Structure formats: C-alpha cells, structure tokens
Amino acid sequence: MESIKIVYSAFTKFAIAIAVSQGATLTEAKKIVLTSFQNHPQKKQLIEIIKNTSLGKKNLNILSQECISICEDFGPDRDYITLVLILENIYKDEIFNEIEKDTISNIILKFRNEIERINATIPPPPLFNVLLESRSLVEWTSMIGLYHLIPRYKSNLEKPVLLMPPYLGNDYSTTFVRKYLRSAGFKTYKWDLGINMINSKSLPKLIEKLDEIYEKHQEKVSLVGWSGGGIFAKIIANRHPEKVAQLITIGSPVWGLKDMQTPVIRTLEFLRGKKLRERNEKFIKELEQIPQIPITCIYTKTDGLVPWKHCLEAETFRNDIKNVEVFGSHTGMGANATVLLTVAKTLHENIEKEHQKTVLSKMESLFYPDFWKQKGISKFTNIFFS
C-alpha cells in the first residue's frame with residue numbers, strides 16, 4: 002500500500018496539473034481526476050490523496066518526470082497502464098474541447114512511451130523456476146487422487162464455457178479443467194483445432210466456434226484460456242465483448258508480448274523463421290487492449306516459462322479485474338487443484354453474482370499464497386471467527 006501511496010501522490014498532482022493547464026480551476030480539476038478513479042479499488046485512499054493535493058510552480062514536464070522516476074524505482078507493473086488511460090481520459094474530457102491541446106497531447110504521449118519503456122524491462126523467469134517446471138509431472142499424476150477432494154461450486158444453469166489449451170497443447174491439456182467444470186454444472190466446449198501453435202490464423206475459426214455456442218445457448222459465453230490459449234481468449238473478448246460473459250486466463254501473457262523475455266518466444270521465432278513481433282503486429286497490439294468484461298488472471302510466481310508479471314492485468318483499471326496467485330508450475334496448471342477451484346469459483350461468482358463467506362470458503366484460502374503472506378496466528382482464527 003505504501004508504494005501505491007507514493008506513486009499516486011506524484012501522479013494525482015500531475016493529473017490535476019494537466020486538467021488545470023487546460024482551463025479547469027483547482028476544484029474542477031480535482032473533481033475530474035476523482036471521477037477518473039471511480040472504479041479504482043483504492044478509491045477511498047485516493048480521495049484523501051486528491052483532497053490534500055496542492056499545486057506548486059513545477060511545470061508539467063517536471064511533474065511527469067517525477068512520476069516516471071518513481072514508477073521506474075518500483076519497477077515494471079501492468080497497473081501503470083491505468084495512469085496512462087486516466088491521463089488520456091482527462092485529455093478527452095468534454096470540458097476541454099475548445100482548448101488548444103497539442104502540447105498536452107505530446108506530454109501524455111511521452112508519458113505513455115516512458116511507461117512502456119519501464120514495462121519492457123521485465124526479466125525472463127530465473128533458472129531456478131525453469132528447473133522447477135519438472136514438478137509438473139508430480140502435479141499431473143497426483144491430480145488423479147486429488148481430483149475428487151476438490152470442493153465443488155455447483156451451478157444448475159449449465160452456462161457455456163469455451164476452453165483453449167496452451168502453446169503446443171491440445172484439448173487433452175484441458176481435460177481436468179473441463180471435467181471439473183462439468184461436475185460443477187457448466188457446459189464446456191473444446192477448441193477442436195488440434196495443437197495450439199499460437200497462430201493468428203486460428204482466430205477466425207475460434208470466433209466461428211464462439212458464434213456457434215452463442216447461437217446454441219442464446220447467451221454470452223465464458224472464455225477460459227491456459228497460457229497461449231489465454232492470448233486467443235483475450236483477443237476474442239476484445240473483438241466480441243457482446244458475446245463474451247467473462248474472461249479467465251491461466252498463466253497467460255496477457256500484455257507486453259513483443260518485449261517478453263522467455264524461451265517460449267524464442268521457440269516460436271525458431272519454428273516460424275521470423276520474429277514474432279514482425280509477423281503478428283496487429284495480433285500483439287490487440288492483446289494490449291483491456292476487454293470491457295469481467296477479467297480474472299491466474300498466475301504463479303514460480304512460473305518457469307512465462308515471466309509472471311506478464312500474466313497480470315491492471316486491477317486498478319476496474320473493480321471487475323482480479324489477479325489470483327496460486328502455487329505451482331506453468332506446465333502443471335492444467336492439473337492444479339487450486340487453479341481448478343479458482344476457475345469454477347470465479348465463473349460461479351461472476352455469473353450468479355454470489356459471494357458467500359462460509360467456513361469452507363474461508364478454509365480454501367489456505368491453498369493460496371496470499372493467506373501465507375499474512376503475519377501472526379490471527380490468519381487461522383479469522384477462518385472460524387471473523
């Protein structure tokens with residue numbers, strides 16, 4: 002929270018100064034910036050920061066550079082895109098339509114470029130994580146015994162779910178996830194396109210598949226994609242939000258693909274004979290956009306193939322965007338009990354809008370890293386008495 006306070010203290014001053022430079026009074030500027038944070042998960046804290054913000058004599062370039070320096074100190078973070086989008090929204094505010102905005106536009110563009118530069122520095126997974134990928138053999142074999150012990154979030158609505166496998170995987174890769182979702186009351190669909198080579202030529206066929214399911218059920222379809230499958234799922238959600246109920250990605254690089262440092266990209270480039278960024282510029286650009294539907298991104302910090310920061314979406318952009326950390330390997334996520342539980346629970350809550358806090362649901366928190374990051378024994382007593 003301390004890092005958020007430092008970043009947003011500098012940013013709100015910059016954002017308010019942008020609005021003031023376009024003709025708003027300080028009070029109007031604060032109101033405009035506050036409106037931009039309407040769906041921010043830390044809205045209450047930001048109200049206090051904005052209320053206490055005062056402008057000195059620093060010009061926009063200096064305020065911009067101060068904010069960029071702070072972001073650079075904290076390192077790459079997908080949530081920085083929220084800052085860029087807020088500035089762009091302020092710039093487009095109707096109150097400023099008659100005002101000359103070329104200078105402001107250039108400052109915001111420079112800010113975006115600097116944020117993209119910072120976010121292009123995410124390192125590849127460490128060698129230790131790569132070596133840990135071998136545990137996926139244990140994860141897959143142990144799932145045979147663990148499967149029946151995983152709690153079920155029952156739904157009798159038979160909502161449609163389309164699942165997309167990882168890079169070099171096929172429909173067999175999503176067997177456990179599909180089986181578990183069916184047992185939880187969902188109607189699951191395979192992708193039926195053989196091995197996933199993350200080729201943009203697969204998109205038209207996937208969109209056709211989405212159309213078929215949508216027409217059959219006469220309702221929106223939930224998309225679940227693992228790794229490379231999540232790339233397709235996000236692009237489809239961006240293109241057809243009117244047919245997609247929600248998006249769930251599992252260890253998927255959902256942004257920054259052109260700068261991502263991973264052996265997977267190098268393998269793709271070797272197989273295709275051409276650099277990925279040159280072959281699929283449009284494909285990669287679409288991936289940067291945030292779909293206007295509920296989004297849940299499941300990731301593991303011990304991922305040995307994909308840098309885990311690339312698997313997060315900007316939670317600060319909207320309150321229906323969630324990042325969920327789990328334990329496990331990248332290649333074992335299709336047979337990870339916590340992943341299966343998270344997918345079913347998310348589908349259930351977003352569809353039926355239910356968030357029941359039972360002792361059982363609280364006990365499930367034991368399977369997530371966030372629980373073990375809490376200090377003291379109160380984390381255990383809270384399960385039964387909070």
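Quick note on my numbering: the sequence shown kicks off at 2 and runs consecutively. Yeah, the Cβ is synthetic: ideal placement off N, Cα and C, and Gly gets one too. Computed from a predicted model, the values in this text were never measured in an experiment.
Cβ-based burial, residue i [other Cβ within 10 Å; buried from 16]
i           : result
residue 373 : exposed
residue 118 : exposed
residue 139 : exposed
residue 1   : The question about residue 1 has no answer here: the residues shown for the chain are numbered 2 through 387.
residue 253 : buried
residue 451 : Residue 451 lies beyond the residue range present for the chain, which begins at 2 and ends at 387; the question has no answer from this structure.
residue 364 : exposed
residue 311 : buried
Residue nearest to residue i in terms of C-alpha spacing, selected from the options
i           : options               : result
residue 154 : 186, 165, 176 and 177 : 186
residue 109 : 123, 91, 124 and 121  : 91
residue 287 : 320, 241, 50 and 263  : 241
residue 30  : 11, 45 and 52         : 52
residue 327 : 297, 180, 379 and 200 : 297
residue 11  : 178, 192, 249 and 65  : 65
residue 181 : 383, 348, 381 and 370 : 348
residue 42  : 289, 346, 9 and 312   : 9
residue 38  : 17, 71, 72 and 343    : 17
residue 342 : 255, 218 and 177      : 177
residue 213 : 192, 344 and 229      : 192
Nonlocal neighbours in the same chain, by C-beta distance under 6 angstroms from residue i, ignoring five residues either side
i           : result
residue 309 : 300 and 302
residue 1   : With the chain covering 2 to 387 only, the question about residue 1 has no answer from this structure.
residue 106 : none
residue 188 : 159 and 161
residue 284 : 201
Own chain partners of residue i with C-beta closer than 7 angstroms, once the 5 adjacent residues on each side are dropped
i           : result
residue 233 : 165, 203, 204, 207 and 226
residue 1   : For residue 1 there is no data in the structure shown, the boundaries of the chain being 2 and 387.
residue 33  : 20, 25, 91 and 94
Heavy atom of the ligand HEM within 7 angstroms of residue i beta-carbon
i           : result
residue 176 : Among the components of this structure there are no ligands whatsoever, and the ligand HEM is therefore not found.
Neighbourhood of residue i by C-beta distance below 8 angstroms, restricted to the same chain and skipping five residues each side
i           : result
residue 245 : 211, 221, 222, 223, 224, 237, 238, 292 and 294
Runs of beta strand (DSSP E) wholly within the segment 287-347 (minimum 3 residues, chain order)
With a minimum length of 3 residues, the continuous beta strand (DSSP E) runs that stay inside the segment 287-347 are 296-300 and 322-326.
The segment 54-66 contacting the segment 334-353, beta-carbon criterion three pairs below 8 angstroms:
No: the two stretches stay apart, fewer than three of their Cβ pairs being nearer than 8 angstroms.
Any contact of the segment 322-336 with the segment 156-165, i.e. 3+ C-beta pairs under 8 angstroms?
Fewer than three pairs of CB atoms, one per stretch, sit closer than 8 angstroms, so the segment 322-336 makes no contact with the segment 156-165.
So does the segment 252-266 actually touch the segment 119-130, counting three or more Cβ pairs closer than 8 angstroms?
With a cut-off of 8 angstroms on Cβ pairs, the segment 252-266 is in contact with the segment 119-130, counting three or more such pairs.
What are the complete alpha helix (DSSP H) segments, minimum 4 residues, inside the segment 129-203?
Listed in chain order, the alpha helix (DSSP H) elements of length 4 or more contained wholly in the segment 129-203 are 137-147 and 176-184.
Whole runs of the alpha helix (DSSP H) within the segment 29-98, excluding any shorter than 4 residues:
Taking only runs of at least 4 residues, the alpha helix (DSSP H) segments lying wholly in the segment 29-98 are 44-52, 61-75 and 81-92.
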